[in-house]
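**Q**
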């Protein structure tokens with residue numbers, strides 16, 4: 001038995017003897033394979049552990065960084081600060097960024113070319129960005145920037161109304177005097193181009209010598225206000241004579257084609273609430289508001305209401321989503337196309353709805369809200385969430401971008417501003433905020449803001465339009481400001497978003513002997529105020 005145990009014991013330890021494997025090469029190879037596999041497994045586990053520890057360390061660092069950012073943001077923006085104020089400050093910061101870039105790279109020029117960090121004089125070297133931005137700087141409380149701008153050039157009537165500084169009134173009068181020869185036509189409908197130095201006026205060749213409707217019917221607010229401020233009736237007379245001429249041939253549906261003969265006042269061409277037609281209809285309403293909605297300015301309101309019946313006749317709805325849109329019309333043919341420029345119409349309709357009876361007012365306001373939803377979807381339907389220049393509507397496909405560029409236009413946010421002010425519906429603030437964020441994401445660069453040549457591909461252009469500062473950012477700022485900032489019962493915005501104070505009528509104008517006494521007169525109202533927080 002002892003011998004057997006000895007043999008069994010020695011057999012157990014033979015596998016530990018190297019000579020055993022040297023005599024058996026196959027088993028040696030198997031042992032080496034097992035050893036290498038085990039070593040690799042242990043090494044891989046150690047490597048994975050080290051990599052895991054490194055990743056965990058990185059994540060912990062990121063968590064600490066985010067916690068610090070959150071703490072810093074919490075300290076900077078107290079919890080009790082309303083979201084509207086936070087958003088308003090963001091818009092204000094955007095204005096500072098745009099203005100600072102203009103100061104740095106294009107000061108004194110008309111417009112900034114951000115990509116090349118240079119300026120361009122596309123308006124004859126008048127410093128158009130400065131003039132257009134003056135009242136925006138004032139409204140936002142950017143006094144330092146405003147004072148620097150004041151040293152360069154006087155602004156317009158809006159800035160005079162907001163600041164009370166006579167330099168702006170004097171400059172406005174000087175420019176108006178240089179413009180007056182444009183109204184020296186047989187009908188009183190102005191030419192659209194004038195040399196401010198020599199006073200030579202004419203129409204562009206591509207219109208066939210005709211005046212453009214929007215250009216001819218969009219000076220009433222400014223020139224009436226200038227007559228009120230200066231006591232000189234000639235400015236009001238000129239612009240109201242043009243309205244009288246247009247009223248003589250005013251069509252039954254109130255829809256005036258975009259080309260108007262300055263000799264006889266007849267019109268032809270496309271009917272549109274977009275380019276070349278838009279602000280004529282806007283000013284019929286706003287001249288009525290500027291005159292305190294009294295009987296003396298009721299002819300403006302009557303013309304506007306007639307035109308709104310025409311607008312309703314142009315409304316169609318897409319399929320399958322039933323987006324309301326405003327067609328264009330040539331002769332008896334409707335075109336299923338709507339410009340982003342026509343997105344001023346929802347705000348105009350909302351602003352004018354209060355002049356109707358209760359039932360009709362509700363219909364008009366409802367249409368305004370429908371059109372605003374369409375315009376908002378002009379933005380939401382693209383990859384950048386920014387609208388193209390115009391949209392086409394086709395059965396079964398709702399809307400598609402026609403012209404793909406976006407040049408920082410204000411019309412949709414303008415309408416959102418009016419709808420929020422007049423309805424109190426914060427949805428319009430949310431839509432406006434989404435549009436602002438899309439501008440920030442796609443159009444902001446180190447040297448200002450640029451438009452897009454394609455709203456789906458996010459391709460950038462090289463121009464910061466003056467109206468981005470004058471209108472787009474102003475309306476966004478006011479969208480998040482209390483209604484006491486430029487209250488709508490005391491101020492009226494012109495088509496370039498410059499607010500004009502509604503003031504008492506100067507009786508000397510009414511009592512003076514005038515060669516061309518206007519059919520449409522003015523009545524006054526209590527002096528407004530520039531309020532706000």
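In UniProt numbering, the protein residues as written are 1 to 533.
Where is the CB? At the ideal position from N, CA and C, for every residue including glycine.
#1: Does the Cβ-Cβ distance between residue 197 and residue 181 come in under 8 Å?
#2: Hey, would you say residue 495 sits closer than 8 Å to residue 283, going by beta carbons?
#3: State the beta-bridge partners of residue 120 as determined by DSSP.
#4: Starting from the C-beta of residue 116, find all residues in its chain whose C-beta is less than 7 Å away, skip the five residues before and the five after it, and write them out in chain order.
#5: My guess is that residue 187 and residue 262 are in contact by the Cβ rule of under 8 Å, so how many angstroms apart are they, rounded?
#6: Alpha carbons only, please: which of 410, 355, 363 is nearest the one belonging to residue 375?
#7: Hey, how far is the Cα of residue 326 from the Cα of residue 401?
#8: Anyone know if the C-beta pair for residue 179 and residue 500 falls short of 8 Å?
#9: Check residue 330 in the structure and name its three-state DSSP category.
#10: Determine the extent of the alpha helix (DSSP H) in which residue 150 is found, giving its start and end residues.
#11: Relative to the alpha-carbon of residue 177, which residue among 162, 195, 163 has its alpha-carbon at the smallest distance?
#12: Can you give the Cα-Cα distance for residue 485 and residue 475, rounded to whole angstroms?
#13: CB residue 338 to CB residue 390, shorter than 8 Å?
#14: Give the straight-line distance between the Cα atoms of residue 437 and residue 455, rounded to the nearest whole angstrom.
#15: Quick one: Cα of residue 311 to Cα of residue 212, how far?
#16: Out of 146, 251, 141, point me to the one whose CA is closest to residue 132's CA.
#17: For residue 190, which option in 259, 253, 99 has the closest C-alpha, if you only look at C-alpha atoms?
#18: Using the C-alpha atoms, what's the distance from residue 303 back to residue 256?
#19: State buried or exposed for residue 111, treating a residue as buried only when at least 16 other CB atoms are found within 10 Å of its CB.
#20: At the level of alpha carbons, what is the spacing between residue 219 and residue 80?
#21: Just to confirm the assignment: which complete beta strand (DSSP E) runs, minimum length 3, are found wholly within the segment 282 to 350?
#22: Tell me which residues share the same chain as residue 333 and place their Cβ nearer than 6 Å to its Cβ, disregarding the 5 neighbours each side in the sequence.
#23: Are residue 367 and residue 324 closer than 8 Å when you measure CB to CB?
#24: Relative to the C-alpha of residue 248, which candidate in 308, 264, 119 has its C-alpha closest?
#25: Put residue 453 into one of helix, strand or coil per three-state DSSP.
#26: Specify the secondary structure class of residue 9 as computed by DSSP and reduced to three states.
#27: According to DSSP, residue 394 sits in a beta bridge with which residue or residues?
#28: Quick one: what's residue 444 bridged to in DSSP?
#29: Would you mind reading off the limits of the beta strand (DSSP E) that contains residue 81?
#30: Grab me the residues of residue 464's own chain with a C-beta within less than 6 Å of its C-beta, minus the 5 sequence neighbours each way, in chain order.
#31: Could you give the distance in angstroms between the alpha-carbon of residue 122 and the alpha-carbon of residue 237?
#32: Roughly how many whole angstroms lie between the Cα atoms of residue 497 and residue 129?
#33: To which residues does DSSP link residue 493 through a beta bridge?
#34: Below 7 Å CB to CB, which residues in the same chain sit around residue 120 once its five sequence neighbours on both sides are set aside?
#35: So for residue 477, helix, strand or coil by DSSP?
#36: Label residue 426 either buried or exposed according to how many other C-beta atoms from any shown protein chain fall within 10 Å of its C-beta, with 16 as the threshold for buried.
**A** Short version:
#1: no
#2: yes
#3: 111
#4: 462
#5: 6 Å
#6: 410
#7: 15 Å
#8: no
#9: strand
#10: 143 to 152
#11: 195
#12: 11 Å
#13: yes
#14: 14 Å
#15: 19 Å
#16: 146
#17: 259
#18: 11 Å
#19: buried
#20: 44 Å
#21: 315 to 317, 324 to 326, 328 to 330, 333 to 335, 337 to 339
#22: none
#23: yes
#24: 264
#25: strand
#26: At residue 9 the pLDDT is 47, less than 50, meaning the model places this residue with poor confidence and gives no usable figure here.
#27: 398
#28: 449
#29: Looking at the DSSP string, residue 81 is not in any beta strand (DSSP E), and its letter there is neither H nor E.
#30: 112, 114, 448, 449
#31: 30 Å
#32: 14 Å
#33: 499
#34: 109, 110, 111, 113
#35: helix
#36: exposed
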